[in-house]
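Each residue of the sequence shown is one higher than the one before, starting from 6 at the first, in the numbering used here. Beta carbons: idealized from backbone N, C-alpha and C, even for Gly. Below you'll find the structure, written out as structure tokens, and then a few comments.
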Amino acid sequence: MRSYPHNSPQAAARIVALTMLADGNLSHDEFMAMEQQQMAAQLGLLPSELMEVLYDCCEDLQSSPWMTWDEVCRVSQATLTGLLDEVSDPVLQQRVLQCCEQLAEADSHVAEGEAVLLATVAAWWNLPHVLPRPDWVEAPRAAA
6 MRSYPHNSPQ AAARIVALTM LADGNLSHDE FMAMEQQQMA AQLGLLPSEL MEVLYDCCED
66 LQSSPWMTWD EVCRVSQATL TGLLDEVSDP VLQQRVLQCC EQLAEADSHV AEGEAVLLAT
126 VAAWWNLPHV LPRPDWVEAP RAAA
């Protein structure tokens with residue numbers, strides 16, 4: 006995956022983009038929530054820049070040689086936590102998690118992939134997780 010500067014709007018937006026992709030479906034409801042909640046502005050981006058990060062994220066995931074087609078919207082735990090480490094500002098972390106939760110709820114259904122991603126983000130950043138975590142989702146331990 007391409008790299009972004011530490012705590013940059015793009016690094017934060019990539020986590021949001023991964024949430025949109027976590028269920029394997031970019032839905033109209035998610036795009037509407039992104040627009041209504043002005044997520045681009047919350048992350049310090051123009052709407053077109055947020056879309057560019059989403060496009061780049063899709064491109065990076067599709068070009069990963071180790072993934073099969075049905076896994077294309079998933080990243081490994083190690084990759085995800087590496088990307089999460091690029092966002093260390095507590096205020097930015099909270100903002101990103103809030104955006105991710107809003108997107109996961111946008112279609113009135115939190116899919117398994119979304120639940121796993123949200124649980125990982127919250128645990129890694131040691132933030133309270135608003136959405137209930139299903140019993141079958143084990144969140145990783147946060148970095149020490």
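{"Query": "Local Cβ density within 10 Å of P14, reported as buried at 16 or more and exposed below that", "Result": "buried"}
{"Query": "Inter-residue Cα distance where the pair is Q42 and D28", "Result": "20 Å"}
{"Query": "E117 burial status per 10 Å Cβ neighbour count (16 or more: buried)", "Result": "exposed"}
{"Query": "Member of R7, D90, L122, P10 whose CA lies at the smallest distance from the CA of C104", "Result": "L122"}
{"Query": "Same chain only: Cβ atoms within 6 Å of Q220, ignoring 5 sequence neighbours per side", "Result": "Here the chain has residues from 6 to 149 only, and residue 220 is not among them."}
{"Query": "Spatial neighbours of Q47 in its chain, beta-carbon cut-off 6 Å, leaving aside the 5 residues before and after", "Result": "R100"}
{"Query": "Local conformation of Q42 per DSSP, three classes", "Result": "coil"}
{"Query": "Spatial neighbours of L59 in its chain, beta-carbon cut-off 6 Å, leaving aside the 5 residues before and after", "Result": "A22"}
{"Query": "Between the CA atoms of E91 and Y9 - distance to the nearest angstrom", "Result": "8 Å"}
{"Query": "Whole-angstrom distance between V115 and E35, CA atom to CA atom", "Result": "12 Å"}
{"Query": "Reduced DSSP secondary structure (H/G/I, E/B, other) of D94", "Result": "coil"}
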